[in-house]
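**Student:** Under this note's numbering, the first residue of the sequence shown carries the number 264, and numbering increases by one thereafter.
All residues carry an ideal CB built from backbone N, CA and C; glycine is no exception.
Here's a structure for you.
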Amino acid sequence: MKKLASRQGRSTKVLIALVVAALLTLSLPACSQPQAEAVPAADSPATVEEVPGTDLHRVTLTERAVERLGLKTGTASSGPQGKLTVPYGAILYDSQGRTWVYTNPELRVYVRQSVSIERIAGEAALLKEGPPIGTVVVTLGAEELFGEEFDTAH
């Protein structure tokens with residue numbers, strides 16, 4: 264009786280070892296294959312396209328994405344002494360310290376534009392260079408657009 268029980272115990276251990284070995288053999292080849300690049304879903308909240316002749320991009324959001332991000336806008340205007348002015352909340356600093364705003368040239372379309380700040384006066388940024396007076400600029404949510412443009416949001 265002891266020999267039969269011992270044999271069954273060994274058979275069970277061998278069977279378990281074979282199952283584990285088979286599972287490892289089947290799963291290891293998957294580890295060595297390169298990952299397929301992620302393909303955006305057809306219902307992606309944003310599309311990013313190059314602006315021809317520049318290193319800038321055009322970010323187009325779905326209506327739902329605009330709502331979820333809670334984007335707010337203001338307008339470039341003529342401030343004190345006729346200086347070009349944008350709301351300070353529109354100013355975005357990149358990792359090299361360069362300053363930008365996101366313009367909103369069309370419904371749900373956003374394009375980053377370089378600005379040169381002369382000084383900050385309270386809630387306003389007085390600019391040496393920037394978008395023309397009357398240009399709509401993003402005052403809340405520009406960081407999200409920057410993340411989408413450079414795919415750092417994922």
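#1: Determine the direct distance from the alpha carbon of Ala405 to that of Ser358, and round the result to whole angstroms.
#2: Considering only DSSP beta bridges, list what Pro308 is partnered with.
#3: Expressed to the nearest angstrom, what Euclidean distance is found between the alpha-carbon atoms of Tyr373 and Glu412?
#4: For a test of the three-state rule: what should DSSP assign to Leu286, helix, strand or coil?
#5: Might you give, ordered along the chain, the residues of its own chain that have their beta carbon closer than 7 Å to the beta carbon of Leu403, omitting 5 neighbours on each side?
#6: Buried or exposed, going by whether 16 or more other CB atoms sit within 10 Å of the CB of Leu408?
#7: Which residues in the same chain as Pro394 place their Cβ atom closer than 7 Å to its Cβ, once the five residues preceding and following it in sequence are excluded?
#8: Does Arg371 come out as helix, strand or coil in the three-state DSSP assignment?
#9: Give the single residue among Glu312, Leu390, Asp318 whose Cα lies nearest to the Cα of Leu244.
#10: What's the call for Ala384, buried or exposed, on a 16-neighbour Cβ count within 10 Å?
#11: Look at the alpha carbon of Pro343 and the alpha carbon of Gly316, and state the distance between them as a whole number of angstroms.
#12: Looking at Leu370: is its Cβ nearer than 9 Å to the Cβ of Ser379?
#13: Should Gly345 be labelled buried (16 or more other beta-carbon atoms within 10 Å of its own) or exposed?
#14: Give the single residue among Pro368, His320, Arg327 whose Cα lies nearest to the Cα of Asp306.
#15: Give the DSSP-derived three-state secondary structure of Pro343 in the structure shown.
#16: Alpha carbon to alpha carbon, how far is Gly397 from Glu381? Give it in angstroms, no decimals.
**Tutor:** Taking the geometry as given:
#1: As a working mapping, residue 358 is identified with position 95 in the sequence shown. As a working mapping, residue 405 is identified with position 142 in the sequence shown. Straight-line Cα distance between these residues: approximately 14 Å.
#2: Here residue 308 refers to the residue found at position 45 when the sequence shown is read from its first residue. Looking at the DSSP assignment, Pro308 forms no beta bridge with any residue, so it has no partner.
#3: Here residue 373 refers to the residue found at position 110 when the sequence shown is read from its first residue. Here residue 412 refers to the residue found at position 149 when the sequence shown is read from its first residue. Tyr373 and Glu412: Cα-Cα distance of roughly 10 Å.
#4: For the purposes of this step, residue 286 is taken as the residue at position 23 of the sequence shown. Low per-residue confidence applies at Leu286: pLDDT is 47, beneath 50, and the placement is therefore not dependable, though the value from the model is reported in the following sentence. Of the three classes helix, strand and coil, the one that applies to Leu286 here is helix, per DSSP.
#5: Residue numbering aside, residue 403 sits at position 140 when the sequence shown is read from its first letter. Hits under 7 Å: Gly333, Leu334, Lys335, Gly352.
#6: Locating residue 408 in the sequence shown gives position 145, where the first residue counts as 1. So Leu408 ends up on the buried side.
#7: Translated into the one-based positions of the sequence shown, residue 394 becomes position 131. Correct list, in chain order: Ala339, Val364, Thr366, Gln376, Val400.
#8: Position 108 of the sequence shown, counted from the start, is the residue given in the question as residue 371. Arg371: coil per DSSP, three-state reduction.
#9: Residue numbering for the chain in the displayed model covers 264 to 417; residue 244 lies beyond these limits and cannot be assessed.
#10: As a position in the sequence shown, residue 384 is number 121, starting the count at 1. Burial call: exposed.
#11: Here residue 343 is taken as the residue at index 80 of the sequence shown, counted from 1. Here residue 316 is taken as the residue at index 53 of the sequence shown, counted from 1. Cα-Cα distance, rounded: 34 Å.
#12: For the purposes of this step, residue 370 is identified with residue 107 of the sequence shown, where counting begins at 1. For the purposes of this step, residue 379 is identified with residue 116 of the sequence shown, where counting begins at 1. No. Outside cutoff.
#13: Stepping through the sequence shown from its first residue, residue 345 is reached at position 82. Gly345 comes out exposed.
#14: Position 43 of the sequence shown, counted from the first residue, corresponds to residue 306. Here the closest residue by C-alpha is Arg327.
#15: Taking the sequence shown and counting its residues from 1, one reaches residue 343 at position 80. Note: Pro343 maps to helix in three-state DSSP.
#16: Numbered from its first residue, the sequence shown carries residue 381 at position 118. Numbered from its first residue, the sequence shown carries residue 397 at position 134. Each residue's Cα considered, the two are about 19 Å apart.
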